[in-house]
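Trainee:
Protein chains: 2
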Amino acid sequence: MEKPSSPSRRITIVDVARHAQVSTTAVSKVLRNAYGVSPTMQTKVRQAIAELGYRPNAAARGMRGQTYTIGVMLPNIRNPFFAQILDGLTDQLSDTDYQVLLGPGCNGEAEEARVTHAMIDRSMDGMILIAPISARTHLEAVAATVPTVVVGRHGHSPTYDTVADDDLTGGALVVNHLADLGHQRIAHIEHHETDPDRLAEMPNAIRAIGYRHAMQARGLADHIDIASTTYTQEGGYLGAQQLLARPTRPTAIFAGADIVAMGALDAIAEAGLRVPEDISVAGYDNTTFAAFRPISLTSVDQAGYQIGANAARLLLDRIADRNRPAAQIKLSPTLVPRRSTAPPR
Amino acid sequence: MEKPSSPSRRITIVDVARHAQVSTTAVSKVLRNAYGVSPTMQTKVRQAIAELGYRPNAAARGMRGQTYTIGVMLPNIRNPFFAQILDGLTDQLSDTDYQVLLGPGCNGEAEEARVTHAMIDRSMDGMILIAPISARTHLEAVAATVPTVVVGRHGHSPTYDTVADDDLTGGALVVNHLADLGHQRIAHIEHHETDPDRLAEMPNAIRAIGYRHAMQARGLADHIDIASTTYTQEGGYLGAQQLLARPTRPTAIFAGADIVAMGALDAIAEAGLRVPEDISVAGYDNTTFAAFRPISLTSVDQAGYQIGANAARLLLDRIADRNRPAAQIKLSPTLVPRRSTAPPR
DNA sequence: GTCTTCGTGGGTAACGTTTTACAGAAATGT
DNA sequence: ACATTTCTGTAAAACGTTACCCACGAAGAC
């Protein structure tokens, strides 16, 4: 006689095996599409699974094999650019058995460490770190434990793959666009950075370098003017205030991110100036905000969707073969000119 | 002689126990702050944990007890209002041992089911569902399996707690504000809804009812005018186009969400009209976008942070006592008047 | 006709933690 | 001084799945 078993116990692989009159091993093999299972067995087991509504227990799987879970860490949910990356990521993974789980937005190395640890504790099969600010040693420690792809950060490492945009070119795109329009006094609002690792690897730092190089290449070295704040709306506001207070005001501002441009537009409006008549403004990331008609912000498109899709592909590859050499994918940005930039008066 | 053990094996509770010269049970008790452990034992074990850098394996925990993980499902990462809720949530949980993990944005019942199942499979200790559109039966099925709090949905259920804003009042706040300014032809852009469950429970539907009631209460029943689209930027754009094409144009538009207002502003600008001179616009959610000075959108603040914080508290309560009666928290919205609304000309 | 090989299925031991049950020591009550 | 309770600590059995190894029969090779 069968034991009645408590009413709301979850169906396990044992129940399926009994119902299909096979061993648990057989069921497990079917679940994992493992080698050595006949078509007859396939259908028998699959039918039992369907009839019982069985779903594998991820915790138990995690103890022996994989969890079929991929962890994604991003610094800030508010930045719509990251949503594009996520779309690319999830679309690419939607055909697979993997489920994406996001860490809550985290700013600061401490929070990043907390989230990455939490994901490792939960035996994630792979991790995608979007624009992490953590020290390189920490990233490598994570990558040593679990297959990892780092997105939006330039330094290479033999232990993890990277997908990034060519921010050097991106910075130059904006400068050349503005210079072509006839601007000379082109200022830049950057994210202040002192850590040498990050100065060499973070996109914001590379964009600033791209700005400098392009200014020099266009013979505008004397007009290089940088406000060093943060990549936030507040930072854009403060940065623009600084720049507008210069003895000779810039005629164009290149904000390192659309969210920064948003703050800059705010400060410019407050100062009673018009865009683009009095001053041109360009952003970076081509978010929906930039496309918004009343704003119509010239921006740089990073193809976030492709970044995410590529990151997912690399991660799946690496999960399949942890020892393959690390790959670096670099995508090319494109300029999207809109009404916020115009020739200087 | 100790077995050397493979180089990069993770530290387990057994290692800690051996290092501290106690049983694994003792270590487990310390980890869980369980009853029956002396101060001496405490310090001895904690020191061993620190020295070895031990971290509990969540998968193994999940098999026997809790996973210390809370799953949050939200429909759309792009809506900044949800970010506020998340902030309240994570702040409230930051002192606890619980880790929040987010499902990727999901639109549609199928995707919601996929995400909720994935979270149940992963033995989450609790779940917070933000503005779910799934049928009530599905929500109750989830809640029957795991402690659940439903946010931003009005229907009550004995199986789950809810936190929502008083959208009926919110809709009225906007109508009264506009009517006080002297508007009569106040139109509304709503999210089209046919499912009877959702018509009774979704915030968008309640806001529309609030709009109707308030219009009637102000004697403006004849001016009720609703464009039924979706709560997206595109929906706002199309809705406003419809309204602007009326034989007698409304003098004010109440968009059901800021993101909708964004689309409406777009359509209005395209039609060559000015805000607020030609037409007033009000949104809902008081996102950072509304506060953005060049836009300065009148909106309704839902206190997203408080919503999130309350949801977290309710969930912790319910995890502690699964059988306590379900609670419903309703918060009051406030109007934030800005420059996008003004008396009609 | 025997000896391999191959394809298929099952038994069993992990995986790392918590829970249950229990034993011994210490403290308390009479 | 003895009986009783309280406090600490341990051993052992789960939890659900997968990995490893072995057994069996059928097909192929000689």
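Read top to bottom, the protein sequences are chains A and B.
With the working numbering as the guide, the letters of the first sequence map in order to residues 1 to 345.
With the working numbering as the guide, the letters of the second sequence map in order to residues 1001 to 1345.
From the three backbone atoms N, C-alpha and C, an ideal C-beta is built for every residue, glycine too.
Since the model is a prediction, treat every value here as computed from it, not as a measurement.
Closer than 8 Å is the cut-off here; do at least three beta carbon pairs connect the region 280-290 of chain A with the region 209-217 of chain A?
Mentor: no
Trainee: Any beta carbon of chain A sitting closer than 8 Å to that of residue 1012 (chain B)?
Mentor: no
Trainee: Determine the closest residue to residue 1287 (chain B) out of B:1329, B:1328 and B:1085, with distance taken between C-alpha atoms.
Mentor: Checked all of B:1329, B:1328 and B:1085; the closest Cα to residue 1287 (chain B) is B:1085.
Trainee: Which of the three DSSP states, helix, strand or coil, is assigned to residue 1006 (chain B)?
Mentor: Confidence in residue 1006 (chain B) is poor, its pLDDT being 45 and thus under 50, which makes the residue's placement unreliable; the coordinate value appears in the next sentence. Residue 1006 (chain B) falls in the coil class under three-state DSSP.
Trainee: Please list, in chain order, all residues of the same chain as residue 337 (chain A) whose beta carbon is under 7 Å from its beta carbon, the five residues on each side excluded.
Mentor: Excluding residues within five positions, the ones whose Cβ falls inside 7 Å are 177 and 298.
Trainee: For the candidate residues A:226, A:248, A:243 and A:109, whose alpha-carbon lies nearest to that of residue 195 (chain A)?
Mentor: A:109
Trainee: Three or more C-beta pairs under 8 Å: does that hold for the region 122-138 of chain A against the region 149-159 of chain A?
Mentor: Flag = yes, the region 122-138 of chain A and the region 149-159 of chain A touch.
Trainee: Quick check: the region 225-243 of chain A against the region 296-312 of chain A, are at least 3 beta-carbon pairs closer than 8 Å?
Mentor: no
Trainee: Assuming residue 1268 (chain B) and residue 1231 (chain B) are in contact, meaning their beta carbons sit under 8 Å apart, how far apart are those beta carbons, in whole angstroms?
Mentor: The pair is not a contact, with the Cβ atoms about 18 Å apart (cut-off 8 Å).
Trainee: At a Cβ threshold of 8 Å, is residue 1077 (chain B) touching chain A?
Mentor: yes
Trainee: By the three-class DSSP mapping on this structure, what secondary structure does residue 12 (chain A) have?
Mentor: coil
Trainee: Report the three-state DSSP secondary structure of residue 1095 (chain B) (helix, strand or coil).
Mentor: Residue 1095 (chain B) falls in the coil class under three-state DSSP.
Trainee: Are the beta-carbon atoms of residue 104 (chain A) and residue 1090 (chain B) separated by less than 8 Å?
Mentor: yes
Trainee: Could you tell me whether the Cβ of residue 31 (chain A) comes closer than 8 Å to any Cβ of chain B?
Mentor: no
Trainee: Could you check whether residue 1236 (chain B) and residue 1205 (chain B) sit closer than 8 Å to each other, using their CB atoms as the reference points?
Mentor: Not in contact: residue 1205 (chain B) and residue 1236 (chain B) (Cβ atoms no closer than 8 Å).
Trainee: How would you list, in chain order, the residues of chain A whose beta-carbon sits under 7 Å from the beta-carbon of residue 1348 (chain B)?
Mentor: Coverage of chain B is limited to positions 1001 through 1345, which leaves residue 1348 (chain B) absent and any answer about it impossible.
Trainee: Return the residues of the region 1095-1108 of chain B that lie within a Cβ-Cβ distance of less than 8 Å from chain A, sorted by chain order.
Mentor: 1099, 1100, 1101, 1102, 1103, 1104 and 1105
Trainee: Do residue 71 (chain A) and residue 1059 (chain B) come within 8 Å of each other at the CB atom, strictly closer than that value?
Mentor: no
Trainee: Count the other C-beta atoms from every protein chain shown that fall within 10 angstroms of the C-beta of residue 1123 (chain B), then say buried if there are 16 or more, exposed otherwise.
Mentor: So residue 1123 (chain B) ends up on the buried side.
Trainee: Mind listing which residues of the region 1174-1199 of chain B have their C-beta closer than 8 Å to chain A's C-betas, in chain order?
Mentor: none
Trainee: How would you label residue 272 (chain A), buried or exposed, when you count the other beta carbons within 10 angstroms and need 16 or more for buried?
Mentor: exposed
Trainee: Does the beta-carbon of residue 1175 (chain B), which I'm using as the reference point, lie nearer than 7 Å to any heavy atom of the ligand MN?
Mentor: With respect to the ligand MN, the structure offers nothing, as it holds no ligand at all.
Trainee: For residue 1112 (chain B), return the contacting residues in chain A, with the cut-off set at a CB-CB distance below 8 Å.
Mentor: Residues of chain A passing the Cβ test: none, with the nearest at roughly 14 Å.
Trainee: Comparing alpha-carbon positions, which option in A:345, A:328, A:57 and A:340 lies nearest residue 157 (chain A)?
Mentor: Looking at the Cα atoms, A:328 is the closest of the given residues.
Trainee: Please say whether residue 1048 (chain B) and residue 1100 (chain B) have beta carbons closer to each other than 8 Å?
Mentor: Judged by beta-carbon spacing, residue 1048 (chain B) lies beyond the 8 Å limit of residue 1100 (chain B), meaning their Cβ atoms are not closer than that value.
Trainee: Run through DSSP, which three-state label would residue 192 (chain A) get?
Mentor: Here DSSP, grouped into helix, strand and coil, assigns residue 192 (chain A) to coil.
Trainee: In this structure, does DSSP put residue 1121 (chain B) in helix, strand or coil?
Mentor: Residue 1121 (chain B): helix per DSSP, three-state reduction.
Trainee: What does a CB cutoff of less than 6 Å around residue 290 (chain A) pick up in its chain, not counting 5 residues either side in sequence?
Mentor: 258, 283, 297 and 299
Trainee: How many Å lie between residue 1036 (chain B) and residue 1139 (chain B) at the Cα?
Mentor: 39 Å
Trainee: Is the beta carbon of residue 1252 (chain B) less than 8 Å from the beta carbon of residue 1295 (chain B)?
Mentor: no
Trainee: Let me know the secondary structure DSSP gives residue 256 (chain A) once reduced to three states.
Mentor: coil
Trainee: Against residue 127 (chain A), what residues of chain B qualify as contacts under a CB-to-CB distance less than 8 Å, listed in chain order?
Mentor: For the C-beta of residue 127 (chain A), not a single chain B residue is nearer than 8 Å; the gap to the nearest is close to 13 Å.
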